[in-house]
Amino acid sequence: MSRAELQQQERDQQAPAFLHWLADMDNELERFFTQDAPRVGALEDPWTTQGIKTAAESLKAAFPDPKDVVAMNHPALDGYRRYFGEAFRMASDGSWFNLPGKRDNVDFWPVISRPYSTFLDPHDRLLDVYAKTRHPDGLLVWVYGNVVEDHALWVEAGKPSATEFRRLSAARLSQ
240 MSRAELQQQE RDQQAPAFLH WLADMDNELE RFFTQDAPRV GALEDPWTTQ
290 GIKTAAESLK AAFPDPKDVV AMNHPALDGY RRYFGEAFRM ASDGSWFNLP
340 GKRDNVDFWP VISRPYSTFL DPHDRLLDVY AKTRHPDGLL VWVYGNVVED
390 HALWVEAGKP SATEFRRLSA ARLSQ
């Protein structure tokens, strides 16, 4: 990445719309837990595999047609994006990152930056809820389980750089 690109990336993290969106996180998650997905909010710990599964069921019930999710045509979808993003962020030592070039005609695009892997886009994860899969709890729960497992392996390896972790993971898989 060039110096100019790195500088632009740093400026993107200070975009007012993105910072405002981040500042609203707690209030919007509270609204999500009480209005959009109260079954998730009622869980003893919503930040678990059970929370992901319950939220996925809630999303599918509220938006049976995945075309509605692709269009992002309802404010409630932001709550799901925030919830899934926060769950993945917490499970991976990640942080919110603004990647505005990911989609056209948007001021900001929040993704999860993980210290040992690539970006994870919570909006794309919404579509996992609708994926046909052989995984009994659904693709999203399976992806979440992999993130939890990868994070545990990364911690166990001493939190190496992303490049080193990919090398270690490839070596582990080839055994």
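Residues in the sequence shown are numbered consecutively from 240, following our numbering. Note that CB positions come from ideal geometry on N, CA and C, so glycine has one too. These numbers were taken from a predicted model, which means no experiment stands behind them.
heavy atom of the ligand SAH below 7 Å from residue i C-beta
i	result
Q247	No copy of the ligand SAH appears in this structure; indeed no ligand is present at all.
Residue from the options whose Cα sits closest to the Cα of residue i
i	options	result
F358	R373, D332, V345	D332
P349	M240, Q253, S241	Q253
K398	R353, D376, R411, S413	R353
Q247	G340, A410, R411	G340
V345	V387, D251, M264, E244	D251
Under 8 Å between C-beta atoms of residue i and residue j
i	j	result
A294	A276	yes
F271	Y322	yes
F257	F404	no
Y319	L298	yes
W335	L261	yes
L378	A370	yes
T273	G280	yes
D376	K292	yes
E269	D317	no
- [ ] Give a yes or no on contact between the segment 312-330 and the segment 383-395, applying the rule of three or more CB pairs nearer than 8 Å.
- [x] Short answer: they touch.
TODO: Taking 8 Å as the threshold, find out whether the segment 307-317 comes into contact with the segment 356-374 through three or more Cβ pairs.
DONE: Touching, yes.
Open item on the list: Could you tell me which whole alpha helix (DSSP H) segments of length 4 or greater appear in the segment 368-404?
Closed with: Secondary structure within the segment 368-404: the alpha helix (DSSP H) runs of 4 or more consecutive residues, fully enclosed, are 378-395 (chain order).
Open item on the list: Going residue by residue through the segment 276-359, where are the continuous beta strand (DSSP E) segments of at least 3 residues, counting only ones entirely within it?
Closed with: Listed in chain order, they are 334-337, 349-352.
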